[in-house]
Every structure is written in C-alpha cells, then in structure tokens.
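Here's the structure we're looking at; comments come further down.
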Amino acid sequence: MDPNIQRALNDKLYDKRKVGALELERVIRELVATKDYPKVEAVLDQLCNEYAYAVHQPHARNGGLIGLAAAAIALGSELAKYLEVIVPPVLACFTDQDARVRYYACEAMYNIAKVAKGEILIYFNHIFDALCKLGADSELSVKNGAELLDRLIKDIVSESAATYVSVLQQPSEFEGGDKDGGHDERLDLPTAFSLKRFIPLLKERIFALNPFTRTFLVGWIVLLDSIPDLELVTFLPEFLGGLVRFLSDPNRDVHVATQGCLDKFLNEIKRIARVKKGIADSKKSKGDGKRKRADSLDSGSVRLAPEDGDEADSVTAGEDDDASSEDDWVPGQDVQINYKAILEILTATLDSPLGTFASRSLINHQRPLMKPTEEDGLLESLRWIVEFLDICPEEVLPFTPKILAHLLPAMASGVESIRQAAGRVNTSLMDYVVSLSDEADLASMQPPSRIPAPPGDRQDGNASTRASMSSSRELEIRSPTPGQGRPTARTPTPALSVAQPQADLDYAAAVNSLTLLFLNDHEATRVAALTWLIMLHRKAPRKVLAFNDGTFPALLKTLSDPAEAVVTKDLQLLSQISRNSEDDYFSNFMVNLLQLFSTDRKLLETRGNLIIRQLCTSLSAERIYRTLADCIEKEEDVEFASIMVQNLNNNLITAPELSELRKRLRNLETKDGQTFFVALFRSWCYNAVATFSLCLLAQAYEQAYNLLQIFAELEMTVNILIQIDKLVQLLESPVFTYLRLQLLEPEKYPHLYKCLYGLLMLLPQSSAFAALKNRLNSVSSIGYLHIAPRPNATTPSGPSFDRPNRLKGRDDGIIRWNELLDKFKAVQERARRLQRVGGEFDEGSAFGMGEMRIGDGTMEPRGGGVKEASGRGPPVPVKDPPATAQPAQKPRSGLGRQFGRLGGAVSGRGKRAQ
Numbered sequence: 001m002d003p004n005i006q007r008a009l010n011d012k013l014y015d016k017r018k019v020g021a022l023e024l025e026r027v028i029r030e031l032v033a034t035k036d037y038p039k040v041e042a043v044l045d046q047l048c049n050e051y052a053y054a055v056h057q058p059h060a061r062n063g064g065l066i067g068l069a070a071a072a073i074a075l076g077s078e079l080a081k082y083l084e085v086i087v088p089p090v091l092a093c094f095t096d097q098d099a100r101v102r103y104y105a106c107e108a109m110y111n112i113a114k115v116a117k118g119e120i121l122i123y124f125n126h127i128f129d130a131l132c133k134l135g136a137d138s139e140l141s142v143k144n145g146a147e148l149l150d151r152l153i154k155d156i157v158s159e160s161a162a163t164y165v166s167v168l169q170q171p172s173e174f175e176g177g178d179k180d181g182g183h184d185e186r187l188d189l190p191t192a193f194s195l196k197r198f199i200p201l202l203k204e205r206i207f208a209l210n211p212f213t214r215t216f217l218v219g220w221i222v223l224l225d226s227i228p229d230l231e232l233v234t235f236l237p238e239f240l241g242g243l244v245r246f247l248s249d250p251n252r253d254v255h256v257a258t259q260g261c262l263d264k265f266l267n268e269i270k271r272i273a274r275v276k277k278g279i280a281d282s283k284k285s286k287g288d289g290k291r292k293r294a295d296s297l298d299s300g301s302v303r304l305a306p307e308d309g310d311e312a313d314s315v316t317a318g319e320d321d322d323a324s325s326e327d328d329w330v331p332g333q334d335v336q337i338n339y340k341a342i343l344e345i346l347t348a349t350l351d352s353p354l355g356t357f358a359s360r361s362l363i364n365h366q367r368p369l370m371k372p373t374e375e376d377g378l379l380e381s382l383r384w385i386v387e388f389l390d391i392c393p394e395e396v397l398p399f400t401p402k403i404l405a406h407l408l409p410a411m412a413s414g415v416e417s418i419r420q421a422a423g424r425v426n427t428s429l430m431d432y433v434v435s436l437s438d439e440a441d442l443a444s445m446q447p448p449s450r451i452p453a454p455p456g457d458r459q460d461g462n463a464s465t466r467a468s469m470s471s472s473r474e475l476e477i478r479s480p481t482p483g484q485g486r487p488t489a490r491t492p493t494p495a496l497s498v499a500q501p502q503a504d505l506d507y508a509a510a511v512n513s514l515t516l517l518f519l520n521d522h523e524a525t526r527v528a529a530l531t532w533l534i535m536l537h538r539k540a541p542r543k544v545l546a547f548n549d550g551t552f553p554a555l556l557k558t559l560s561d562p563a564e565a566v567v568t569k570d571l572q573l574l575s576q577i578s579r580n581s582e583d584d585y586f587s588n589f590m591v592n593l594l595q596l597f598s599t600d601r602k603l604l605e606t607r608g609n610l611i612i613r614q615l616c617t618s619l620s621a622e623r624i625y626r627t628l629a630d631c632i633e634k635e636e637d638v639e640f641a642s643i644m645v646q647n648l649n650n651n652l653i654t655a656p657e658l659s660e661l662r663k664r665l666r667n668l669e670t671k672d673g674q675t676f677f678v679a680l681f682r683s684w685c686y687n688a689v690a691t692f693s694l695c696l697l698a699q700a701y702e703q704a705y706n707l708l709q710i711f712a713e714l715e716m717t718v719n720i721l722i723q724i725d726k727l728v729q730l731l732e733s734p735v736f737t738y739l740r741l742q743l744l745e746p747e748k749y750p751h752l753y754k755c756l757y758g759l760l761m762l763l764p765q766s767s768a769f770a771a772l773k774n775r776l777n778s779v780s781s782i783g784y785l786h787i788a789p790r791p792n793a794t795t796p797s798g799p800s801f802d803r804p805n806r807l808k809g810r811d812d813g814i815i816r817w818n819e820l821l822d823k824f825k826a827v828q829e830r831a832r833r834l835q836r837v838g839g840e841f842d843e844g845s846a847f848g849m850g851e852m853r854i855g856d857g858t859m860e861p862r863g864g865g866v867k868e869a870s871g872r873g874p875p876v877p878v879k880d881p882p883a884t885a886q887p888a889q890k891p892r893s894g895l896g897r898q899f900g901r902l903g904g905a906v907s908g909r910g911k912r913a914q
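Quick note on numbering: UniProt numbering labels position 293 of the sequence shown as 293, and the sequence is numbered without any gaps.
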C-alpha cells in the first residue's frame, strides 16, 4: 500500500481512517480493472497481518477493519475468491477487549456481507456465533451494531439460504461434459448455507441463560422455520429441550417470543400430520375405486365382449388421471418428523426438577420467589403431549409408563393450571388405551394363557360392569376368561390377524410405574394410579397378572391407606383380579388378607368392615365367606379367629350387601343352604355368641337352644356379656323382623322362646335385659299357653329334634347337628385351655367389642373404647374358675368406666338407676 494510505489507516481519528479507506478502495478498483490479482492479494495480506491482527494496537485494528471493508466494496463480483482472506480477521476482531474495535468489526462485516450477499452464507456459523455473543454485549453501541448486522444476515438467509450455491462450487462442475449432464450435477451441488452444519451450533447455544441471547436465538429459530425449503421442524428434537426451558425465563419478552415459537412449531406439526393423513386417505379411496372398477369390468366382460377395448381404454385413462393427481406435490407431504425424539424430550421435561417441583407444588409456600412462568415449561410439555395423542397416539403409547410416573403426581398439584393440564393428558391417554382394538387384545393375550378363571365365577363379572368405562367392551374382554385354560373352546376369528397397536405398550413398565405411585403423598395420585391399573387389567388381564408378583403385596399394603377412596379402588382392583383368576389365586388372596388383618389389628378395627363389604359387592359373597370360613377353621391363633368371626358375623347380620346371603341361610331346605350353614358353623365356633346368632339367622332354633345349654358351662366373661347385649340390640333391628313375627307362632317355633328366655337368663338386669323382657312380655300369654304343654326340653348330650320345630323336613344325614355341637365344645374347650395358659384371651377378644355402636341403633366402627378395654387386661381372673362375688365387682367397675352406656347395661346399674 501507499505510505500515505498506511498512515491514514493507522490514525486515531476516524475521519482520517475513512479518507485512507476511500483511497484504498480506488486503488483496488484499478487493480481489479487491470486484473492485477497478485497485487490485490498482497494488499489484503498487508491489511490482515499489519493492521487487523495487530492485537495491542486498537487504532491499527480499526484501520485494518475499515480497509478490509473498503477492499470488499472495491472487489465487487470478485469478492467471493477473497472472502477466505477478508472474513477471518474481521471475525477475530469480534472478541477484542476494546468496545470500539468490536463495533467497527460489526460495521466492517456489515459492508462485506452487503457486497457478498449469498457468498457470506459460507461463514454463517462463525458470524452467527459471534452475533450470539455480541447480542449480550455490555456496550450499547456494540449491541446496536450487532443488531444491524443481524438484520442484514437475516435478510440474506431469507432470500438465499434454501437455494444459493457458491460460485466457487460451480466452475469445476461445468468444465467438460454435455449441458444436460452439467445441469443434472448442478442440482446436486451443496448450498452455501447448510442446516445440518448449523444445528450442532444451535444445539450448543440453546442452553444460554442471558435473556438477550435467548431472544436472539428464538428470533433466528422463527426465521429459519419460516423458510419452507429448509424444513427446520425435522431438526426440532435437537433444540426443543432448551427451547422449552426458555419458558421459565423471568424476562417477559423471552417468554412471549418462546411461546409464539413453540406454537408455530406445534401448528406446523399438526398441519403436516393433516396433509399426510389426507394423502393417505386419498390414496386409500382411489385404491378402493380402482378395485371397484376392476370388479365391475370383470363382471361385465362376458356380456360386453365387443366393447372390451373401449372399456380398457377408459380404465387406463382413469388410472392416468389418478397417477397425475398423485404426482401433485403438497407442501409438507415429504417432511419427516421424529415424534419419538420429541416425546423423549417432553417426558424428560416432566422428569426435570421443574416438573418435580410442580408436582409437589402443594408446598409452594416454601418458595415465595417462584414466578408463574416456572410452571409454563411443564404446562407446555403437557399441551404437546395432548396434541400428540390426537396427531400420533401410536407414537405416544411406548412412553406411557414414563408419562404416567410423572403425570399422575401432577394431577395432585396445588397449581390449578397444572392440575387441569395433567387431567387432560390423563383423560386423553386413558381414552386412547381403552379404545385399542379389543380383538387384538384378545389375540395378543391368547398365546401366553396360563391362569384360567373359575367357571363358577362368571356370574360375578356382571356386578362390576357399572364401574367400567365401557360395559360392552369389558364384557367382550371378560367373556372368554372362564375358558382360558381350554384353548380349544374358542377359535380366533380372521379379524384377529390385523396389526396390534397395543403391542408397543410395555405392561410391565406401566404396572411398575403405577405401583410405585402407591407411595405418593397425595390421595388423588394414588386413586388415579389404581384407576389405571383397573383399566389395564380389564384390557389385558394376563399381561397385568404376569407381573403380579410385585404388585399383589403392594395392593394388600394399600388396604391400610388412610384414604377411603384409595381403599375402595384397591378393593375393586383386587376383586377384578380375583374374578379373572383361578381358585388358587382367590384362596391365596383370602389367606393373605387374613394374615394382614392378623398382623395389623388397627386395619381390622378401622377398615375391616369396609374391606369385607366392598369385596362382597364386587365378588360372590358366598364364595368369600366360604373361603374365609375354611381359612379361619384352620387358624392357630384362637384369639384372632374369635375377633375375625365376630367381624364377619356382624357384617353378615347388618350389611345390606349381604342380604341375599342372609336369605340363603334362612332357607336350609336346600342342600346348598345346608352346606353353607355347616361351613360357617364350623369356623364360627371360635366365637360362642356369633355361633348362636348364626343359628338364629338360619332359624335353627333348637340348635341355638342346645348352644345355650353349653353356655352354662362356659365362663361368662365381660366380653361374652357385651356380645350378648349387642345381639339383643340387633334382635330389635329390621334384620330379625321375621324372628319377632315367629314369636306369634309358638306351636311352630317352640325352641325360639327357649332361646330368647335363655338369653334373658344369661343377661344381668340391664337395659338389654329390660328390652328383651319387654319384647317377650308382649307375647307372653301366647308363649306360656303353648310352651307349657311341651316340657320335653332337649339336652346337648342327646338332642331329639322333634318335627314341629324348625328342623322339620331335613335330612339328618346332611347336617349332623350332634357333630356340630361336639365341634363347638371342642373349640371352646381349646380356647379355654389357651386362655388359662396365656391369660390374655379376654384381653384380645375385647379388640372386637367396639366394632359397632349400638346406643343409637347404627353399626359404625368405634375404635377408642376398644383400645381402652384391651389395655386394661382381662376383667375376670381366669385362675379362679368358680365365679365369686369379688371378681364380679371388677368387671362392673371396668365396664362403667370404659364402655359408658354399654358397660352400665351389662353391670345392671342402668336398670337399678331407673
């Protein structure tokens, strides 16, 4: 360069540097005109090495920048060959510590890009990276300069990015060869801008925290997405995760811009899905039309033989029209969207600390600095998942286990918007899983069949249809269940060979995820998890049962849940599993339930009635009572057996769900009724009063009277007296209306009077004594009139079952009454021996005393008094068999303090107070 130009470019004044740059521009124009390219290269090398790269000489760097910009302007169309020399020094100046150097670098790059236009796209990544940093510069002038350069680059990208090919790529392609070959090769030339090269840089920068940088990135993403030929949406998984994080930025501008960007992407995905669906439907309809025309042609070929040629021509013409219409290109039809990768990002967002916090937002008062935008990332992810369930539900299905693990906790969020969004996703996802082809479900379930259901339990299936989402669908699924163990009973239809979309659902992972949610703190989450398990079991019983080993203990443990809604759902699921399983499974369930009650007495006290009644509602009540009776009969723990029998007996007498069972017991004329009575009697022997009430319920009054004879040999403990008191109260309930009416027929039911008067003799003079006495006095004249001539009272040792009593018409070989009495004696004797050894039977038996409240005529759990009573020990000393006056005072005192009105009734104080 001329020395004068060198001095001018190195001057500290901008005006002098500008004069030098103008002179340099004139010189280079002349060199280009004379094609003195070596001299041009020499000038550019001098500008780069002596000026632009002079790190510690800011004035020289400024001169070099303005000189390079002038040279670029002078080169004009020849600039493309020298960009690799001019651009790197300018890019290096973007990181200079002097703000003025950075500003002049923006100015120089602006001038260079304005001349180079599409050629500058070769260096797009470097310029973008520099602008990404300059957008957050602390100097306002630098930010303004970067903004101007950014606008220019955006204009160039919008205009040329999709199609522009650098001139440096073209000469070698057109040397030699014919024109057609050159044209074909030109179509394959790489464009100056490459989205594939840019995406890694965007993926790196998308995690920036500076709000200005984030705004810059969102602006570029929106721009690139607006260029149709680039198809940025295909690369969406590369930067979607970082983009969603932008929603939590406290800067409102960033939030608004990001939300708009995500909305555009989602709308574009929906549009592409509609286009592809429309094309697929169009092809399908055209294929159907072709087949119909072919069929019509075949059918008419015989009688229209002379016109076959015309017909063929018309068909060919129609096919040509179809082919031409199919060749019409629709924007978006060839865009490939990676739904799987997008869903992985969305589910990862649910699993992020933000999503975890949102799902625990019931305690958000502990974070007063939380902004509303912090939940927007989670809300956006939920919104996308809902839309994907509408666009491509088959792609969402494999992610169901992971989605459920984080979706259901969000349903219990304290933030209303999150709770509603999670509810929408849950509803849509469940509706899709429910809508999966039932036939395919059955086909996929048939090969691994290994757990047949009992045929006798088919009738119980109809009871739960009212709780199903689709009664007809549930019945279709359950209908082959009884024949699961007989593969030849049902042959698959041809429709079962179709594709099975639910094959992608990982039942094992889904069941595991839902089971873990049993530990969640929120009731709504636990209820939702059980609802999902119920639905999945309806869809594929065998697949859910295949992973039953870990689920069943969790379901049993959930019976101790403090929320009644959770226990109800848990029982519904357990009942459903039992109904679709074999007898062994049901028996194991009953055994495990008894073990749970045995180890968790508080559960038996607080939830025992609820559990038994819910199970009887969902399953066969007789099957439950038979199975439990068999298990209790083998129970070694006499104390627990007595408590359990007392609970079962209370429900048998009072539960509305067991009304049919009570009717069956009252009808002992049938063989089924007699076998059921015997099964209950043998296990009811653990509790004397329960056995007596069972006989009253079955109208076996003579057997009940024989039991009263044995009562005289038992120790009349406080617990027995309290149970008798409760039984007297129950005799006044609607359940025993038939019994009270039978008092009007003493000639037909002579032993009924003996039973009731026997109870009266066992009771101390209390309120229960007075109630029973009043009832008997109201029919005493009838009773005395007919009872007096019948002195033949039977004894336990030799009962003579006379025909006028309730046992008339029975076959003595079916119910062996003497054997039942012997069984009762043996069990009671065994209990007495254990009581003497342990000295704690009365204490344990008192556990079941408070199971019902009888003062107001309602049957409700009552736990407080029970604990008190069991904590005080046995009221009657067992070491002294004869009843003396001293031990009798002790229970009266204890009952008066612990059981209130009931204690007063047993001790007789209530009556004497009147």
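Quick reminder that beta carbons are idealized off the backbone N, C-alpha and C, glycines included.
In this text, all values refer to a predicted model and were calculated from it rather than measured experimentally.
When we look at the beta-carbon of residue i and count the other beta-carbons within 10 Å, is it buried (16 or more) or exposed?
i, result
"E829", "exposed"
"P804", "Residue placement at P804 is poorly supported in this model, since its pLDDT is 38, which falls under 50; the coordinates are not used for a value here."
"K748", "exposed"
"F207", "exposed"
"K539", "buried"
"Q699", "buried"
"T515", "buried"
"D441", "Note that D441 scores a pLDDT of 44, beneath 50, so its modelled location is shaky; the value from the coordinates is reported in the next line. That one is buried."
"L751", "The amino acid at residue 751 is misidentified as Leu; the sequence shows His. So H751 counts as buried."
"G135", "buried"
"A33", "exposed"
"D570", "buried"
"R74", "According to the sequence shown, residue 74 is Ala rather than Arg. Classification for A74: buried."
In terms of residues, what are the limits of the alpha helix (DSSP H) holding residue i?
i, result
"F388", "376-391"
"S226", "211-226"
"V27", "14-33"
"Y51", "Careful: Y51 lies outside any alpha helix (DSSP H) and carries neither H nor E."
"P562", "Here P562 belongs to no alpha helix (DSSP H), and DSSP marks it neither H nor E."
"D229", "Element bounds for D229: n/a, residue is neither H nor E."
Beta-carbon within less than 6 Å of residue i's beta-carbon, same chain only, minus the 5 sequence neighbours each way: which residues are those?
i, result
"I229", "Note that residue 229 is Asp in the sequence shown, not Ile. If we look at D229 and ignore the five residues flanking it on each side, its Cβ neighbours are A162."
"R626", "A679"
"I5", "G20, E23, L24"
"Q420", "none"
"L47", "G64, G67, L68"
Leaving out the 5 sequence neighbours to the left and right, which residues in its chain are closer than 7 Å to residue i when beta-carbon positions are compared?
i, result
"C345", "Before going further, note that residue 345 is Ile rather than Cys in the sequence given. Same-chain partners within the cutoff: P237, L240, G241."
"V101", "P58, R61, N62, C93"
"L266", "W384, E387"
"R17", "A8, L9, D11, N62, G63, I66"
"V233", "D225, F265, E268, I269, V335, I337"
"S359", "Note that S359 has pLDDT 45, beneath the 50 cutoff, so the model's placement of it is unreliable and no number is given."
Using a Cβ-Cβ distance cut-off of 8 Å, determine whether residue i contacts chain D.
i, result
"K539", "In the structure shown, chain D does not exist; there is a single protein chain."
In chain order, what residues of the same chain lie with their CB nearer than 8 Å to the CB of residue i, ignoring the 5 residues before and after it?
i, result
"D249", "P211, R214, H255, T258, T373"
"Y103", "E139, S141, V142, G145"
"K823", "F681, R682, C685"
Mind checking whether residue i and residue j have CB atoms under 8 Å apart?
i, j, result
"S575", "E633", "no"
"A528", "M716", "no"
"L834", "V689", "no"
"E380", "L517", "no"
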